[in-house]
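Engineer: As numbered in this note's numbering, residues 3 to 238 make up the sequence shown, in order. Here's a structure for you.
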Amino acid sequence: MSQIIAPGNDTLIPVFSPERLGLTPGGEARFRGALERIAADGELKAKLLLAALDHFAARGFDGVQVKEVAEEAGVSKPTLYYHFGSKEGLFRQLCLVALAVTEQRLRDMVAPHLVAKPVDAAAVRASALALSASYVDLLMELPQFTGFILRAIAVPGPDSTFRDLMPLVERALSPLGLYVNHAFNLDFEQARKEVMVYTAIFGALLEEHLRRPDYAIDAGEIAWAVDRWLRGIQGT
Numbered sequence: 003m004s005q006i007i008a009p010g011n012d013t014l015i016p017v018f019s020p021e022r023l024g025l026t027p028g029g030e031a032r033f034r035g036a037l038e039r040i041a042a043d044g045e046l047k048a049k050l051l052l053a054a055l056d057h058f059a060a061r062g063f064d065g066v067q068v069k070e071v072a073e074e075a076g077v078s079k080p081t082l083y084y085h086f087g088s089k090e091g092l093f094r095q096l097c098l099v100a101l102a103v104t105e106q107r108l109r110d111m112v113a114p115h116l117v118a119k120p121v122d123a124a125a126v127r128a129s130a131l132a133l134s135a136s137y138v139d140l141l142m143e144l145p146q147f148t149g150f151i152l153r154a155i156a157v158p159g160p161d162s163t164f165r166d167l168m169p170l171v172e173r174a175l176s177p178l179g180l181y182v183n184h185a186f187n188l189d190f191e192q193a194r195k196e197v198m199v200y201t202a203i204f205g206a207l208l209e210e211h212l213r214r215p216d217y218a219i220d221a222g223e224i225a226w227a228v229d230r231w232l233r234g235i236q237g238t
């Protein structure tokens, strides 16, 4: 079921539930693919979110006009406002749906690494490399939009209107905390801090790619980032 977001209703509930998006444990649903599938079934709100995704990814929040998104989705501005309330409401819902996908995808990525503890430093590194390669694949599915989320939400400025979404970003990343707790025997508060360091390191690689499209986050770059992170955890 989808949910209409009435004007002025600043809700943090996603317009589509994970089940509606086809996010089942062990599934491979992707953000854009899930929206495309629902939109193909005639779901107007999914069409609006798809149109908004490309515009926000290309020009950021301030550079997008509601009229452009509505026209691309084949509806009027009042129709968009009816479903999402405002441009901010539209962007918030785009983030909420994206974060729901991210949380489920990370749970699926982390699950194989929770079966058994790595037996030594080499096994820890191998596990971290494998997980990080999957994490980079997730970031690179929609790099422009992911980069915008990192700038506007994950590291908000003091005047950001999206600071209240930060707890939802942390929730989406929480499977990484389970991995850190399991692999390094750290308590959950310390694991949370290490997740912040981890995502900041890989976020910097993503930003470099956005600045220089010729720069690829390849296996060598992933290994550099993982080793940097591991040295921090190990205090070396």
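Just so it is clear, CB atoms sit at the ideal spot from N, CA and C, and this is done for glycine as well. Computed from a prediction, not measured in an experiment: that's the story for all the values here.
Do Thr104 and Leu140 come within 8 Å of each other at the CB atom, strictly closer than that value?
Structural biologist: Yes.
Engineer: Which term fits Glu196, buried or exposed, when burial requires 16 or more other beta carbons within 10 angstroms of its beta carbon?
Structural biologist: Buried: at least 16 other Cβ atoms inside 10 Å.
Engineer: From the DSSP output, in three-state form, read off Gly234 for me.
Structural biologist: Helix, per DSSP.
Engineer: Where do the ends of the alpha helix (DSSP H) carrying Val112 lie?
Structural biologist: Looking at the DSSP string, the run of the alpha helix (DSSP H) that includes Val112 is 89 to 112.
Engineer: The alpha helix (DSSP H) spanning Asp64 covers which residue range?
Structural biologist: Note, Asp64: premise wrong, no alpha helix (DSSP H); not H, not E.
Engineer: Okay, do the segment 125 to 142 and the segment 66 to 73 touch, 3+ Cβ pairs below 8 Å being the bar?
Structural biologist: No contact exists between the segment 125 to 142 and the segment 66 to 73.
Engineer: How long is the line joining the alpha carbons of Phe164 and Phe86, rounded to whole angstroms?
Structural biologist: The straight-line gap from Cα to Cα measures roughly 16 Å.
Engineer: Note down the Cα distance separating Asp220 from Pro80, rounded to an integer number of angstroms.
Structural biologist: Computed Cα separation, rounded: 45 Å.
Engineer: Identify which residue in Arg34, Val112, Leu131, Gly237 has its Cα closest to the Cα of Ala59.
Structural biologist: Nearest C-alpha to Ala59: Arg34.
Engineer: So what's Phe164 in DSSP terms, helix, strand or just coil?
Structural biologist: Coil, per DSSP.
Engineer: Compare the C-alpha of Pro177 against each of Arg214, Leu133, Gly149, Lys119 and name the closest.
Structural biologist: When only C-alpha atoms are compared, the closest one is Leu133.
Engineer: Pick from Tyr84, Lys49, Tyr200: whose alpha carbon is nearest that of Glu74?
Structural biologist: Of the candidates Tyr84, Lys49, Tyr200, the one whose C-alpha sits nearest the C-alpha of Glu74 is Lys49.
Engineer: Should Val117 and Tyr181 be called a contact, given that it needs their Cβ atoms to be closer than 8 Å?
Structural biologist: Not closer than 8 Å, so no.
Engineer: Would you call the CB atoms of Ala36 and Gly24 closer than 8 Å?
Structural biologist: Against a cut-off of 8 Å, the Cβ pair of Gly24 and Ala36 comes out as a contact.
Engineer: Determine the closest residue to Ile235 out of Phe18, Ser136, Tyr200, with distance taken between C-alpha atoms.
Structural biologist: For Ile235, the nearest C-alpha among the options comes from Tyr200.
Engineer: Quick check: the Cα distance between Lys119 and Arg109, rounded to an integer number of angstroms?
Structural biologist: About 17 Å.
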